[in-house]
Structures are given as structure tokens and as C-alpha cells.
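Numbered according to my numbering, the sequence shown spans residues 1 to 216. The beta carbon of each residue, even a glycine, is placed where N, CA and C say it ideally should be.
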Amino acid sequence: MNNFRFLVDPVFSERCGITPSTGPKRFRPPALRINDLPDDLDAILISHNHFDHLDYSSVKSLNRRYGEQLTWFCGRGTRQWFLNRHVHNVVELDWWEEYHLLKKEVNIAFCPAQHWSRRSAFDLNKSLWGSFAVWDATHKFYFAGDTGYTHNISIFRHIGKKYGPFDLSAIPIGAYEPRWMMEAQHVSPDEAVQIHIAVRSKKIDRYSLGYMGISK
């Protein structure tokens, strides 16, 4: 994709919580460490502000290594969190808002998802959660973030119609049990396939399975 190198919701920490010693613990180490990443990393896409997707220790380490070289993309209401932590090259987007990254001739759109946001007792849904469509002249990629499926099937069809077909989609299949509690916010493997079909994706890559103990 025009040599555009980016990460989505990177978490390199052993735990994800309010402090480095609290929160769910990883079942296995990350496939890469920050020192293993390429020197020409361009961007980070953050789908929402939950601790297992927006990890302060990882943000701090990435910012220390790359600084202003990295462009961070996030939903409306999240940028101030970054600024408070001395991360300044941040693009905040509303649903369906698009951004053209001129240096790489790449387009990024922030799309809706069926989820929610929160980092404290006082900020429930004060910032946007979502998914991302990324494309250039020859390739298209879809990152679903965290999402449910059952109540907003039409959203994914619209994403597929507006931005698809995608060469690859990354769709979560973790933290989906018990269904009575998780159905509205996390898709099952079967529902992930339905999203893959709805957004008109040629190939699917699943993630989140066996990552952390945050559900049954």
C-alpha cells in the first residue's frame, strides 16, 4: 500500500489496566516487540479507548521511539488524551470522516462500529469508537476494531458499498462468550464471517482470540 506502514490498536504490555500491574494478563507474548518494528513506521490507528486497545505504556514507548514521525488516528473525543501525554501528531475523526495522508497517497476513513468507550467512571461514551477503512490506488484494507453485529447489520453493508470491496479485512473473534452479555459488543466467529461478507472482503484475518482473559 504505497509502502504505508501502520499498526492497529497496538498493545505490547503484559497487562492492560489502569496501572501496569492491574487488568487482564496476556496469555502469550506479542509476536513483535517495539524494537522489532521497522524504522519507517508511518501511523497508528486506534479504534477506541478501552485499555486493551489504547495502552498507555505502548503509546509512551512508541512515541519515545518515533515521535512526530508517527501520525495517530483516533475517534472524536480521544485526541486530548494523547495531548495530555505529550503525543501531538494526532488526527481525530468523526464517523464517515476521511483523511488523505499526502506523503503516502493513502486515504483513511473512520467508520461506525457497534461498541462503546470508557476509561474511567466519568467518561462513558464521551469519545467515539469505530472501525477504519484504509486504501490507496491499488489496495483496500478494513479494520473492524471491537464490534458487535446483530443490531447494526446495515452499517457493515454500507461500509462495503461505500469503501469496498476490500482486499483484506481484520475482524475480531475474541471475548464473545457468554453471548447474553457480549453479543451487543463483540462478534462471534460466525458473525465475523458475516461482517467479512457484508463489507465485501476478499480475505479475512481474525484477531483477539486467545489474547487476554477478558471473557468466558
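For PHE156, no beta strand (DSSP E) encloses it; the enclosing alpha helix (DSSP H) starts and ends at 153 to 163. About 17 Å separates the Cβ atoms of MET1 and VAL91, ruling out a contact at the 8 Å cut-off.
At the C-beta level, VAL11 and SER58 come within 8 Å of one another.
Secondary structure of LYS203 (DSSP, three-state): coil. Between ALA170 and HIS186, the beta carbon gap of about 15 Å keeps them out of contact (Cβ cut-off 8 Å). The beta carbon of VAL134 sits closer than 6 Å to the beta carbons of ILE108 and PHE141 from its chain, once the five residues preceding and following it are set aside; these are given in chain order. Counting every other CB atom within 10 Å of its CB across the protein chains shown gives THR150 a total below 16, marking it as exposed. Taking a contact as a CB-CB distance under 8 Å, the pair PHE110 and ASP136 does not count as one, their CB atoms being some 17 Å apart. In the DSSP assignment, no residue is bridged to ALA144.
The three-state reading of DSSP puts ALA175 in coil, since its state is none of H, G, I, E or B. Inter-residue distance for ALA113 and HIS158 is about 12 Å (C-alpha atoms, whole angstroms).
Rounded to the nearest whole angstrom, the CA to CA distance from LYS126 to ARG79 is 12 Å. Straight-line measurement puts the Cα of SER188 at about 6 Å from the Cα of ILE173.
In this structure, LEU101 sits away from SER117, with a CB-CB distance that is not shorter than 8 Å. Taken through DSSP and simplified to helix, strand or coil, ARG65 comes out as helix. For VAL106, the enclosing beta strand (DSSP E) covers residues 106 to 111. When secondary structure is reduced to three states using DSSP, LEU45 falls in the strand class.
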